[in-house]
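Novice: Residue numbers (our numbering): 4 to 125.
(1) What are the start and end residues of the alpha helix (DSSP H) that includes residue 109?
(2) Nearest to residue 18 by alpha carbon, out of 97, 58, 69, 103?
(3) Hey, quick one: how far does the alpha helix (DSSP H) through residue 24 stretch, first residue to last?
(4) Beta carbon of residue 106, beta carbon of residue 81: below 8 angstroms?
(5) Do you know whose CA, among 96, 54, 87, lies nearest residue 43's CA?
(6) According to DSSP, is residue 28 part of a helix, a strand, or is it coil?
(7) When we look at the beta-carbon of residue 26 and count the other beta-carbons within 10 Å, is it buried (16 or more) or exposed?
(8) Can you have a look at residue 101 and say buried or exposed, based on whether 16 or more other CB atoms are within 10 angstroms of its CB?
This is the structure:
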């Protein structure tokens, strides 16, 4: 991260796990909108931090690798999801928070395992 403090990987994992548990009943059961909105805000902030980490990591790479291309694809997809937002219905908001959770998990895995190395504390 730009301020050189490591991102707490356990906090990130807790956020995506909580969101995925909340949306586990989709599509049959739509979770409470207030809880969805709380988790959306939390995940949005964490996803933004992970995006910054990943962007910095791929800028430092001198050659194009499959990991770098995967990161670029994921960053484009993530920006689109963040820009689109949760939508107006309870169902679209729940689907959006589930997507943010899955995106958060993917960003963290890519950042931790392939690109950023020790940037995420355990």
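Ideal Cβ positions, reconstructed from N, Cα and C, are used throughout, including at glycine.
Specialist: So, from the data block:
(1) Against the chain shown, residue 109 aligns to sequence position 106. Its alpha helix (DSSP H) spans residues 93–113.
(2) In the chain shown, counting from the first residue as 1, residue 18 sits at position 15. Out of 97, 58, 69, 103, 103 has the C-alpha closest to the C-alpha of residue 18.
(3) For the purposes of this step, residue 24 is taken as the residue at position 21 of the chain shown. Note, residue 24: alpha helix (DSSP H), 12–25.
(4) Taking the first residue of the chain shown as 1, we reach residue 106 at position 103. Taking the first residue of the chain shown as 1, we reach residue 81 at position 78. Contact: yes.
(5) As a position in the chain shown, residue 43 is number 40, starting the count at 1. Nearest C-alpha to residue 43: 96.
(6) As a position in the chain shown, residue 28 is number 25, starting the count at 1. Residue 28 falls in the coil class under three-state DSSP.
(7) Mapped onto the chain shown, residue 26 falls at position 23. The residue in question, residue 26, is buried, as its Cβ has 16 or more Cβ neighbours within 10 Å.
(8) Along the chain shown, read from residue 1 onward, the residue named residue 101 stands at position 98. So residue 101 ends up on the buried side.
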